[in-house]
């Protein structure tokens, strides 16, 4: 594994139903005294309707219930806030489809057995649809039924089926990318474990829902085909039964059976059309919690320019001779009035915002004071003017919340309170640039696009995507800024997609982790001692300043943080210092003693719970040379020797990371501080440990000697 692959792996780690849920047909029947037997019994009753004859009154009741149920389902789909809130819809669709097919079979039996008695033989509902809806004219009824079937089958059902299929495919393809994004937010401290678990559950439910909808849409298509077949079979069967068994004239038999069949088909086709419409509405909605009526009103009738142009076109059509002038001119006036109201409302909102932002000019300049000498912020973030929406919560900016999450996680990991990040705009920066400062000194900079997403190739991408080529500011990986609408497509191709706020927060988190020792000072040390005094007052009282001066105490903790050793086990640190401080006040010796006490924590942070610790040692000749240099009181190395040491250590680290194992160098205790400072910047992935820092429970496996 190359250094670039290691950086990619680290980037992956870092970036890494409610009140609106309508009651389904089966859940309505689940309650009551049966306590779980309602749904199986109703399902068996629906299947039994295909075999057991039903009286005309029972058919009227069930047909009416079927129409009412279809209307309720359609309205529930319209008023639901998000598609996932109606997660029971595929099951409801199956139940209602079975009910309608069972009614088709039951009504077919009644029509064929008693159709010779007249149009009232199959109940009042079928007779009403046969006489009132189609006017008693079976030719007109046949044409209306065919038109409804074409609309349902060719337009609504076919479109809903295609949308369901595409949605299911894209949701399933984007599932790994979404899981990686959740893991990245969790590792960056932007999410808690509970929030990450809830998001993973939402992603899983979304995949299950659209997968079920892809299959459930086939029910609607099959139901439409079954309606056509039942119509043809009923007409042909009725003519044969009426003329051959009941000796009816061909005209009377055609009139009776065709009217009954068309009425029966319309009774079933209208609920089918309602249910198909519900399917199409549900699968074409976006996964966003918003009322459908408000969404359509805002996006269709909320554009003043569009309404104004429509009013002008309608007015031109209204003055053409021969046109229905009153209708066109009335609609033109209505559209023009709406456009005027929307434009006026937008203008008033703009003027109100400018008034609030305007600051009154001071009458005179105040006298200068020491309050005007503001101290430098420990951490600062300067942004260009195009990145201001990222930090403005009123404009939907999420960067403030992300930085708060980063501070919380680093505070828990490092063991001291990370200072606040002061954010301000800087017109000297380019519009899309930002800069991180440490104690007023620029530390690092980067560039992001506030209106786009950054797609990172984590090593598993299937191809290239269009966008703006760039570099990840944290690790320097190749990246592409893509449009927000292309996020799912990029995730389905294996890219890790992150928003600009996460890019900046991750860069900031990486920088804070590297410079934690520069953020620690006397105030932080005193706060740790104050917290220790609450649990161990005697230990805190005897340590500082009785045994150890505050300045030395701070140097020891800063040395630990510089070596990437968290100080969250502060009581153990204090006890180790209280034991060694009476003998020496040397910060290096004190830090070495503390590291021995924290050896178990240090080694566990390196290779986890593995029983074996792979490690390098120094070649004997090199170790003697360094010992002699240290004993002579010199901390400087000959340039050629330093360069060869650096190359040898870098090669060993690369071999370890290539096989996915940590790179550890075991050295004698006196040499550890020297080699740690030597490799801290040049080989940051190397962990330099002293022999006595490895706990007895760990088994050391020597993998080579670096010379």
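Residue numbers (this note's numbering): 3 to 709. Just so you know, even glycine gets a beta-carbon here, dropped at the ideal spot from N, CA and C.
| said: Would residue 334 and residue 308 qualify as a contact pair, given that the criterion is a beta-carbon distance under 9 Å? | reply: Locating residue 334 in the chain shown gives position 332, counting from the first residue. Locating residue 308 in the chain shown gives position 306, counting from the first residue. The Cβ atoms of residue 334 and residue 308 do not sit closer than 9 Å to each other.
| query | With 16 other CB atoms within 10 Å as the buried threshold, where does residue 193 fall? | reply | Residue numbering aside, residue 193 sits at position 191 when the chain shown is read from its first letter. Residue environment: residue 193 is assigned as buried (16 or more neighbouring CB atoms within 10 Å of its CB, all protein chains considered).
| Unbroken beta strand (DSSP E) run spanning residue 619, endpoints | What you label residue 619 is simply residue 617 of the chain shown in a count that begins at 1. First-last of the beta strand (DSSP E) with residue 619: 614–620.
| query | Is the CB-CB distance between residue 279 and residue 226 below 9 Å? | reply | In the chain shown, counting from the first residue as 1, residue 279 sits at position 277. In the chain shown, counting from the first residue as 1, residue 226 sits at position 224. No, the pair does not count as a contact, with Cβ atoms beyond the cut-off.
| Which one of 541, 100 and 275 has the shortest CA to CA distance from residue 156? | Within the chain shown, the letter at position 154 stands for residue 156. The shortest C-alpha separation from residue 156 is found at 275.
| task | Figure out for me which residue from 337, 438 and 416 has the closest Cα to the Cα of residue 424. | result | Reading the chain shown from its first residue, position 422 is the one you call residue 424. Closest by alpha carbon: 438.
| Is the beta carbon of residue 468 less than 9 Å from the beta carbon of residue 450? | Within the chain shown, numbered from 1, the residue matching residue 468 stands at position 466. Within the chain shown, numbered from 1, the residue matching residue 450 stands at position 448. No.
| request: For the stretch 488–544, list the beta strand (DSSP E) runs that are entirely contained and at least 3 residues long, ordered along the chain. | output: Whole beta strand (DSSP E) segments, 3+ residues: 497–500.
| Spatial distance of residue 583 from residue 546 (CA atoms) | In the chain shown, residue 583 corresponds to position 581, counting from 1. In the chain shown, residue 546 corresponds to position 544, counting from 1. The alpha-carbon separation between residue 583 and residue 546 amounts to approximately 10 Å.
| Between the CA atoms of residue 161 and residue 383 - distance to the nearest angstrom | On the chain shown, residue 383 is found 381 positions in, with the first residue counted as 1. On the chain shown, residue 161 is found 159 positions in, with the first residue counted as 1. Taking the straight line joining both Cα atoms gives about 50 Å.
| task | Assign residue 380 to one of three DSSP states: helix, strand, or coil. | result | Within the chain shown, residue 380 is the residue found at index 378, counting from 1. DSSP places residue 380 in the coil class of the three-state scheme, outside both helix and strand.
| message | Taking 6 Å as the limit between beta carbons, can you name the residues of its chain near residue 698, skipping five residues before and five after? | response | By 1-based counting over the chain shown, the position of residue 698 is 696. Once the five neighbours on either side are set aside, residue 698 has no close Cβ partner at all.
| said: Please report the straight-line C-alpha distance between residue 281 and residue 75, rounded to a whole angstrom. | reply: Start at 1 with the first residue of the chain shown, and residue 281 comes out as number 279. Start at 1 with the first residue of the chain shown, and residue 75 comes out as number 73. CA-to-CA, the gap between residue 281 and residue 75 works out to about 10 Å.
| field | Neighbourhood of residue 596 by C-beta distance below 7 Å, restricted to the same chain and skipping five residues each side | value | Numbered from its first residue, the chain shown carries residue 596 at position 594. Hits under 7 Å: 558, 562, 575, 578 and 579.
| task | Reducing DSSP to helix, strand and coil, say where residue 394 ends up. | result | Within the chain shown, the letter at position 392 stands for residue 394. It is coil, neither helix nor strand.
| request: Check each candidate in 369, 163, 645 and 651 and name the one with the smallest Cα separation from residue 621. | output: Within the chain shown, numbered from 1, the residue matching residue 621 stands at position 619. For residue 621, the closest alpha carbon among the candidates 369, 163, 645 and 651 is that of 651.
| field | Candidates 521, 407, 167 and 141, of which the one nearest residue 441 by Cα | value | Reading the chain shown from its first residue, position 439 is the one you call residue 441. Cα-wise, what sits closest to residue 441 is 521.
| With residue 690 and residue 708 assumed to form a contact (beta carbons below 8 Å), what rounded beta-carbon distance in angstroms separates them? | Position 688 of the chain shown holds residue 690. Position 706 of the chain shown holds residue 708. Actually they do not touch by this definition, with Cβ atoms about 11 Å apart.
| query | How big is the Cα-Cα spacing for residue 230 and residue 189? | reply | Mapped onto the chain shown, residue 230 falls at position 228. Mapped onto the chain shown, residue 189 falls at position 187. Using only the alpha carbons, I get a separation of about 57 Å.
| query | With a CB to CB cut of under 8 Å and the five nearest residues on each side skipped, what residues in its chain are close to residue 61? | reply | As a working mapping, residue 61 is identified with position 59 in the chain shown. Once the five neighbours on either side are set aside, the close Cβ partners of residue 61 are 105, 108, 109, 112, 124, 125, 127 and 128.
| Can you tell me the Cα-Cα spacing of residue 680 and residue 674, whole angstroms? | Here residue 680 refers to the residue found at position 678 when the chain shown is read from its first residue. Here residue 674 refers to the residue found at position 672 when the chain shown is read from its first residue. So the alpha carbons of these two residues sit roughly 10 Å apart.
| field | Pairwise C-alpha distance: residue 258 and residue 151 | value | By one-based count along the chain shown, residue 151 stands at place 149. By one-based count along the chain shown, residue 258 stands at place 256. Their Cα atoms are separated by approximately 22 Å.
| task | Report yes if the C-beta distance between residue 720 and residue 252 is below 9 Å; otherwise report no. | result | In the structure as shown, the chain begins at 3 and stops at 709. Residue 720 is therefore absent and cannot be evaluated.
| Using the C-alpha atoms, what's the distance from residue 663 back to residue 25? | Residue numbering aside, residue 25 sits at position 23 when the chain shown is read from its first letter. Residue numbering aside, residue 663 sits at position 661 when the chain shown is read from its first letter. Any reading at residue 25 is ruled out, since the residue's pLDDT is 38, under 50, leaving its predicted position unreliable.
| request: Please name the residue in 415, 432, 414 and 409 whose C-alpha comes closest to that of residue 421. | output: Locating residue 421 in the chain shown gives position 419, where the first residue counts as 1. Of the candidates 415, 432, 414 and 409, the one whose C-alpha sits nearest the C-alpha of residue 421 is 409.
| field | Distance CB(residue 587)-CB(residue 550) smaller than 9 Å | value | For the purposes of this step, residue 587 is taken as the residue at position 585 of the chain shown. For the purposes of this step, residue 550 is taken as the residue at position 548 of the chain shown. The answer is yes: Cβ separation under 9 Å.
| request: Take residue 585 and list the residues in its own chain whose beta-carbon comes closer than 6 Å to its own, dropping the five residues that flank it on each side. | output: The residue given as residue 585 occupies position 583 in the chain shown. Excluding residues up to 5 positions away in sequence, nothing lies with its Cβ nearer than 6 Å to the Cβ of residue 585 in the same chain.
| message | Less than 7 Å between C-beta atoms, sequence neighbours within five positions excluded: which residues of the same chain meet that for residue 608? | response | Counting from 1 along the chain shown, the entry for residue 608 is found at position 606. Leaving aside the five residues that flank residue 608 on each side, the residues in its chain whose CB is nearer than 7 Å to its CB run, in chain order, 664, 666 and 689.
| task | Within its chain, find whatever has a CB closer than 7 Å to the CB of residue 337; leave out the 5 residues flanking it on each side and keep chain order. | result | For the purposes of this step, residue 337 is taken as residue 335 along the chain shown, with counting starting at 1. Cβ within range, chain order: 309, 312, 313 and 316.
| task | May I have the straight-line CA-CA distance separating residue 508 from residue 518, to the nearest angstrom? | result | Working through the chain shown from its first residue, we reach residue 508 at position 506. Working through the chain shown from its first residue, we reach residue 518 at position 516. The alpha-carbon atoms of residue 508 and residue 518 are separated by roughly 15 Å.
| task | Count the other C-beta atoms from every protein chain shown that fall within 10 angstroms of the C-beta of residue 706, then say buried if there are 16 or more, exposed otherwise. | result | Taking the chain shown and counting its residues from 1, one reaches residue 706 at position 704. Under this definition residue 706 is an exposed residue.
| Can you tell me whether DSSP reads residue 477 as helix, strand or coil? | Residue 477 sits at position 475 when you count from the first residue of the chain shown. Residue 477 sits in coil when the DSSP states are folded into three classes, being neither helix nor strand.
| task | List the endpoints of the continuous beta strand (DSSP E) containing residue 2. | result | With the chain running from 3 to 709 in the structure shown, residue 2 is simply not present.
| Rounded to whole angstroms, how far is the Cβ of residue 623 from the Cβ of residue 571, which I believe are closer than 8 Å? | Taking the first residue of the chain shown as position 1, residue 623 is located at position 621. Taking the first residue of the chain shown as position 1, residue 571 is located at position 569. So it is not a contact: roughly 38 Å between Cβ atoms.
| Would you call the stretch 141–148 and the stretch 172–189 touching, i.e. three or more CB-CB distances under 8 Å? | Judged by pairs of C-beta atoms under 8 Å, the stretch 141–148 does not touch the stretch 172–189, as fewer than three such pairs exist.
| said: Would residue 277 and residue 98 be called neighbours here (beta carbons separated by less than 9 Å)? | reply: For this step, residue 277 is matched to residue 275 along the chain shown. For this step, residue 98 is matched to residue 96 along the chain shown. Their beta carbons are under 9 Å apart, which means residue 277 touches residue 98 by this criterion.
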